[in-house]
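Enquirer: Got a structure here, written out as C-alpha cells. Questions coming.
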Amino acid sequence: MELRLHANARTTPATRRYIQTCGKPVAVLSAELGVSETTIRRWRARSEVADRPHVPHTLKTSMSGVEEALAVELRCHVGLSLDDALEVMRRCVKPDLSRAALHRCWRRHGISARPVQARARTGVFETGQPAGFIHVDVKHLTRLNRQPAYAFIAIDRATRFVHLDIFNTRSAANAAAFFERFLESFPLKVHTVLSDNGSEFTDRFAVDKKGKPEDRPSGTHAFDRVCAAHGVKHRLTRPFRPQTNGMAERFNRRLQEHLDAHPPNGRNQGRNCFDTHEQRNAYIRNFVQNYNRTRLRCLGYQSPLEILNNLTEHNIFTGTGGAGKSARNRESITMP
Numbered sequence: 002m003e004l005r006l007h008a009n010a011r012t013t014p015a016t017r018r019y020i021q022t023c024g025k026p027v028a029v030l031s032a033e034l035g036v037s038e039t040t041i042r043r044w045r046a047r048s049e050v051a052d053r054p055h056v057p058h059t060l061k062t063s064m065s066g067v068e069e070a071l072a073v074e075l076r077c078h079v080g081l082s083l084d085d086a087l088e089v090m091r092r093c094v095k096p097d098l099s100r101a102a103l104h105r106c107w108r109r110h111g112i113s114a115r116p117v118q119a120r121a122r123t124g125v126f127e128t129g130q131p132a133g134f135i136h137v138d139v140k141h142l143t144r145l146n147r148q149p150a151y152a153f154i155a156i157d158r159a160t161r162f163v164h165l166d167i168f169n170t171r172s173a174a175n176a177a178a179f180f181e182r183f184l185e186s187f188p189l190k191v192h193t194v195l196s197d198n199g200s201e202f203t204d205r206f207a208v209d210k211k212g213k214p215e216d217r218p219s220g221t222h223a224f225d226r227v228c229a230a231h232g233v234k235h236r237l238t239r240p241f242r243p244q245t246n247g248m249a250e251r252f253n254r255r256l257q258e259h260l261d262a263h264p265p266n267g268r269n270q271g272r273n274c275f276d277t278h279e280q281r282n283a284y285i286r287n288f289v290q291n292y293n294r295t296r297l298r299c300l301g302y303q304s305p306l307e308i309l310n311n312l313t314e315h316n317i318f319t320g321t322g323g324a325g326k327s328a329r330n331r332e333s334i335t336m337p
C-alpha cells in the first residue's frame, strides 16, 4: 500500500511512530524534534502515521449518489469509454451532465484510467472516398436440420450500413446475385468493393482456368462481371490477411455474439439454438434492422440509417445507379 505523505510535512513516518510510542512529555519532545507542541499532540492522538486527505467529507458534486453509482457501473461492469458512458448518462439519466463531471466521478472512484495494454502498431486503411466503399464477406452459420447456411454481408465503410442475404450454398452465382441485389437497393453510388480471396468472390487462385494470369483474377468470374457492369472496382485482400477486411470481420463477430446470446431451445445440441431456418433468419433480420438503427460512436452517435438518409436527402454524394432511392427498409434476407 502506498503511504500518503504531504509535500510540506515536517515529520517522517518514523518520527510520528516515535512520538506515539515515546513516553516523554509534550514539551520535551517538541524541543527535541523541533516541531510545535500541537504537532506532538496531533500524532499522539492518532494510531496511524499517514497523512489524512484534505478532501472535504461532503463533496459538492453535480451528481447524486445514485447517478454516481450508475456511472461507476457503466465503467466497471459494462466497460464503456468516457464518451460512450456520457452519451448513455445524458440520454437516460442526466441530460445536463458534463464530460468533466463524469471524469471527476471516475477519478474519485479510481476507475478513470484503464490498464495499458501493449498493442502492435497497425497501418491505416485509407479509401479516399466519403461513401460507396463496400466491404463484403461470407459468414458460415451452424448447420440446422442437416442443411448448411451462409450469410453474405455487405457493409458501407462510411455509413456502416449493413445489407445481409442468406443462401444455402456458398457459390459464385449466389455471391453475384447478392451483390446485384445490394447495388439495386443501396441509394448511393458504389465505386469500390473489397472482398477476400474466396472462390465465391474471385478466381484469383483458380488452377483450372487456362490462360488466366498467375495470382491475378481473370475478370470472367460472376462477381467480377457484376462489378464491371456497374462500374465498381473490385479490390482483394492480401492472402492470409483477413484483418484487411476487418470491418466485415468485426460485424461477423458481432453477429455471432448475438446468436450465441440466444437462449437454447433445449432440443438441439451444440451451438444451434433454433428449430428452423426461418426462425433463425427472422432473428438475424431483427438484429440487422436494430444494428442499422443503433447510434454508433464512430458516426458521432448517429445510426447508419440516419447517416444514409442525410446523404441521400441532402445529395452530399452525387452519382448514378441508385441515387435518390429511399434508404429505409434496406435490410434484406433471403433463403433461395
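Read in order, the letters of the sequence shown correspond to residues 2 to 337 in the working numbering.
Backbone N, C-alpha and C fix where the C-beta goes; we use that ideal spot for every residue, glycine too.
Note that the coordinates shown come from a computational prediction; the quantities given were computed from them, not determined experimentally.
#1: Going by beta carbon distance, what residues of the same chain come within less than 8 Å of P264, once the five residues before and after it are set aside?
#2: Taking its Cβ as the centre, do 16 or more other Cβ atoms sit within 10 Å of F241, making it buried, or is it exposed?
#3: State the DSSP-derived secondary structure class of M292, mapped to helix, strand or coil.
#4: Going by the DSSP bridge assignment, what does Y302 pair with across the sheet?
#5: Going by the DSSP bridge assignment, what does S200 pair with across the sheet?
#6: Determine the direct distance from the alpha carbon of L83 to that of A150, and round the result to whole angstroms.
#7: At the level of alpha carbons, what is the spacing between K61 and R105?
#8: Buried or exposed: where does A155 fall if 16 or more other Cβ atoms within 10 Å of its Cβ makes it buried?
#9: Pick helix, strand or coil for L195, following the three-state DSSP scheme.
#10: Provide the residue span of the alpha helix (DSSP H) that contains V79, from first to last.
#11: What span of residues does the alpha helix (DSSP H) with I20 cover, start to end?
#12: Touching or not, the stretch 93-108 and the stretch 45-65, by the rule of three or more beta carbon pairs under 8 Å?
#13: Are the beta-carbon atoms belonging to R236 and T193 less than 8 Å from one another?
#14: Under three-state DSSP, which class holds A70?
#15: Measuring only the C-alpha atoms, how far is L81 from R100?
Expert: Based on what the coordinates show:
#1: C274
#2: exposed
#3: Correcting the residue type first, residue 292 is Tyr in the shown sequence and not Met. Here Y292 sits in helix by DSSP.
#4: For Y302, which the question treats as bridged, DSSP gives no partner whatsoever.
#5: DSSP lists no partner for S200.
#6: 39 Å
#7: 12 Å
#8: buried
#9: strand
#10: Neither: V79 is in no alpha helix (DSSP H) and is coded neither H nor E.
#11: 14-22
#12: yes
#13: yes
#14: helix
#15: 14 Å
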